Each structure stands twice: as C-alpha cells, then as structure tokens.
Amino acid sequence: MKIAITGAQGVGKTTLARQINKHYPDFKILPEAARLAKEAGYNLDQTATTETERWLITKQIELENTESRWVADRCAIDLLAYIHHLFSEESALIEFATKMLVPRFSNYDLVVYLPSGQFTIEDDGVRMTDIKFQQDIDQKIRDILKNHKIPFIEIVGSPEERLAKVKKLFKKY
C-alpha cells in the first residue's frame, strides 16, 4: 500500500507520516525529495531553478519506486503544484513535469490531503513560512486533485484527531 500525504508546506504532513509509521511500522517513510535537494546544495522555492526541479522530479520518482509499502509526506502532486506556481512561465518545464509526474498519481492507494490554515508554519530552515505562499500552493494542490480527478481524503484537526481518522481509514483497506 502506498500512502501519499499531500498539502502545502507546514500543514503537518511529516507529523502525520511519523505517526502512521509509529503505529504501523511496516510502512516506511519515504525521504522528502526537497530536503534531500537542500542537503545536496540546491535552492528551493522562489530561488529554485529548472535544474533543481528536474532533479526533484527524478528523485521523487526514484523514491516512490523503492518500496511497496510506504507513506510519503510529500508526493508527485505537491511537486507538480510547486512547479506550476513557481515556474508558470516555463512551459517546457511544466510539460516535462506533467509528463513525468501525472502517471505517478495512479500508483497511490490512498491520498490524504491536509489543507492549509490549521497550524502556524514552523521555521525549520527548509520550508517557506510565508502564509500567502502556503495558501497559493494549497490552491494549486486542490486544482491538481480536481483536474486530474484524484480520489483523496481531506483530513483536518489536531495531530491526534488526524491519526484517529487515518486509523479508521486503514480499517477500510
């Protein structure tokens, strides 16, 4: 089973992924490609380049192909949303990203969407703390979910409430 948690930066994706892994240790947490890119010296968000995004696309696909049971706190949906937002004038990059990432969506057994506005964005040195940027990315993610007809479950509430909702979902699977 492949669980993709999607949402803008700072909405609690990593927290939920860790909770799932703690309660269901057979689900490996996929490393976040953006954090790996930062560690590799790439700039992210508004300072990212098309080279960064191509690296991220390749890394995301590689990560998603490594295991059969995983939970990802960032997925191809998020990556495509960021590319659409940050590189709206780069049609070649958007075309490449769409071609490479959209086919990935059908590999997800469960897509959990965490909307923005639930928590204060914590500054971890990687994510943007700009609320407007978060809201813009959130809208792009919702657009992608709708336009590509991706089945998803929206989960809100405290971290404990979110985990309880995920546990109920797991009983269905």
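At position 4 of the sequence shown (counting the first as 1) the number is 4 in full-length UniProt numbering, and the numbers step up by one without a gap.
We put the CB at the ideal spot given by N, CA and C, even for glycine.
Note that the coordinates shown come from a computational prediction; the quantities given were computed from them, not determined experimentally.
Which term fits residue i, buried or exposed, when burial requires 16 or more other beta carbons within 10 angstroms of its beta carbon?
i: Arg74; result: buried
i: Asp138; result: buried
i: His84; result: buried
i: Gly7; result: buried
i: Arg69; result: exposed
i: Ala40; result: exposed
i: Glu161; result: exposed
i: Ala92; result: exposed
Nearest to residue i by alpha carbon, out of the options?
i: Glu32; options: Thr49, Ile5, Gln19 and Lys22; result: Ile5
i: Asp123; options: Met1, Ile3, Lys2 and Gln9; result: Gln9
i: Phe119; options: Val156, Lys2 and Thr52; result: Val156
i: Phe96; options: Phe170, Glu51 and Asp109; result: Glu51
i: Asp109; options: Gln46, Phe170 and Arg35; result: Phe170
i: Pro25; options: Asp130, Val71, Ser91 and Ala76; result: Val71
i: Leu36; options: Lys22, Glu53 and Lys28; result: Glu53
i: Thr129; options: Asn147, Gln46 and His23; result: Gln46
i: Pro103; options: Glu67, Ile131 and His148; result: His148
i: Lys132; options: Ala34, Gly117 and Asp143; result: Gly117
i: Glu67; options: Ala76, Lys28, Lys146 and Leu163; result: Lys28
Since residue i contacts residue j with CB under 8 Å, what's their CB separation in whole angstroms?
i: Leu79; j: Leu101; result: 6 Å
i: Phe87; j: Ile94; result: 6 Å
i: Ala81; j: Lys140; result: 4 Å
i: Gln135; j: Ile121; result: Wrong, their Cβ atoms sit about 11 Å apart, outside the cutoff.
i: Leu30; j: Glu62; result: So it is not a contact: roughly 10 Å between Cβ atoms.
Give me, in chain order, the residues of the same chain whose beta-carbon lies closer than 8 Å to that of residue i; leave out the 5 immediate sequence neighbours on both sides.
i: Val166; result: Leu16, Gln19, Ile20, Val112 and Ile155
Leaving out five residues before and five after residue i in sequence, what residues of the same chain have Cβ atoms less than 6 Å from its Cβ?
i: Pro159; result: Thr15
Within a Cβ cutoff of 7 Å, which residues of the same chain sit near residue i, ignoring the five residues on either side of it in sequence?
i: Glu90; result: Thr50
Should the segment 10-24 be regarded as contacting the segment 55-62, the criterion being three or more beta carbon pairs within less than 8 Å?
-> no
Inspect the CB distances between the segment 106-120 and the segment 144-159 and report whether three or more fall short of 8 Å.
-> yes
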